[in-house]
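Same order as they appear, the protein sequences are chains A and B. By numbering that gives the first Met the number 0, the letter at position 133 of the first sequence is numbered 132, and the numbering carries on one by one without gaps. By numbering that gives the first Met the number 0, the letter at position 103 of the second sequence is numbered 102, and the numbering carries on one by one without gaps. Virtual Cβ for every residue (Gly too), placed ideally from N, Cα, C. What you are looking at is a predicted structure, and each value in this text was computed from that prediction instead of being measured.
Number of protein chains: 2
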Amino acid sequence: MVTVDLIIEIADKIVLIKRVNPPYGWALPGGFVDYGESLETAAVREAAEEINLEVTLREQFHTYSDPDRDPRQHTVTTVYIAEAKGTPKPGDDAGEARLFSQDTIPADMAFDHEKIIEDYFRYCSGESKKGILGLRLEKP
Amino acid sequence: MVTVDLIIEIADKIVLIKRVNPPYGWALPGGFVDYGESLETAAVREAAEEINLEVTLREQFHTYSDPDRDPRQHTVTTVYIAEAKGTPKPGDDAGEARLFSQDTIPADMAFDHEKIIEDYFRYCSGESKKGILGLRLEKP
């Protein structure tokens, strides 16, 4: 199954949603890609559905595919960095949608999103993607 | 459907295979990812099957998902840059496996691989991924 997730920057914070379906916890906004839909179209659609904001995609960050990353089934997710303005309002799949700075990221994160967010903040701090993600290639 | 493709560098050339199944033409080595298999595992496996060489993955390049990129069905492919040594020998799915330099890339390329290879050579020449691939995000 192919999914997308978004790291949505609003000012100097990012948006997380609180999941109302298992696996519970906080998560990046995102969801399943429809057949015939590009990843970019899916990312913009999912942001609109989950936090009711129109986002501008800035960059494709990385595609994560660890078979254990989603406890429900094997999903491959492409993560985009996007930006938006305004206040996120939770859609149907989200109990809450809130802004978090790096030092307030909650501990109870679903999926591998804690890892993805950690990769993102390392990237923001100037580390190269190759440096952050390259070693993971050595041990598939 | 999730696939991987590889840009395999051997010295200053890259490996292309000649497809024996439709769509015909030259293509990057690659193929379908098995359920429960990471993209990285699939990439290394496909290289072994298609050109009989052990590759070292260097970098995840980009994930391409245009619904029209594969005439058979909608596939999402993650492209890796890898390196190898030795002489590629075609596997079951390949009629030929040959090395090409930038100025000898054949015209009859399958899928969107001509575009992918063009992106790759722009990246090699020092352009940033954001510069090469960023605009594509504007028009999903």
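In terms of Cα proximity to Q72(B), the closest of F31(B), I131(B), V78(B) and S127(B) is F31(B).
With respect to the 9 Å criterion, P87(A) and I50(A) are classified as neighbours on the basis of their beta carbons.
Only those residues of the segment 61-81 of chain A whose C-beta falls short of 7 Å from the nearest C-beta of chain B are listed: H61, T62, S64, D65, P66, H73, V75 and T77.
Think of a sphere of 9 Å around the beta carbon of L5(B): no beta carbon from chain A falls inside it, the nearest being about 12 Å out. Taken in chain order, the members of the segment 119-131 of chain B whose beta-carbon sits within less than 7 Å of a beta-carbon on chain A are K129. Scanning I16(B), A10(B), E8(B) and D4(B) for the CA closest to the CA of D91(B) turns up I16(B). Taking all protein chains shown into account, T103(A) has fewer than 16 neighbouring C-beta atoms within 10 Å of its C-beta and is therefore exposed. If the five residues before and after D4(A) are omitted, its C-beta is found closer than 6 Å to the C-beta atoms of L27, G29, T76 and V78, all from its own chain and listed in chain order. Neighbours of L52(B) across chain A, judged by C-beta separation under 8 Å, do not exist; the nearest C-beta is about 16 Å away. Note on geometry: alpha-carbon atoms of G85(A) and S100(A) lie some 16 Å from one another.
Nearest neighbour of E113(A) by Cα position, chosen from Q59(A), L52(A) and Y63(A), turns out to be Y63(A). Among the bridge pairs identified by DSSP, M108(B) is matched with W25(B). Cβ-Cβ distances below 6 Å link E8(B) to E82 in the same chain, with the five nearest sequence neighbours on each side left out; the list follows chain order.
The Cβ atoms of D118(A) and H61(A) sit closer than 9 Å to each other. For L27(B), there are no C-beta contacts with chain A under 7 Å, since the nearest C-beta of that chain is about 16 Å from it. Among the residues of chain B, none has a CB under 8 Å from the CB of G30(A); the nearest is roughly 15 Å distant.
With contacts defined as CB atoms closer than 9 Å, M0(B) and T74(B) qualify as a contacting pair.
What S37(A) touches in chain B, judged by beta-carbon distance under 7 Å, is S64, D65, P66 and P139, going in chain order. Residues of the same chain with a CB within less than 8 Å of the CB of I116(A), apart from the 5 flanking positions on each side, are I6, I13, L27, I104 and M108 in chain order. Between R68(A) and D33(A), the C-beta gap is not smaller than 9 Å, which leaves the two residues out of contact. With a 10 Å radius around the Cβ and a threshold of 16 neighbouring Cβ atoms, S124(A) comes out exposed.
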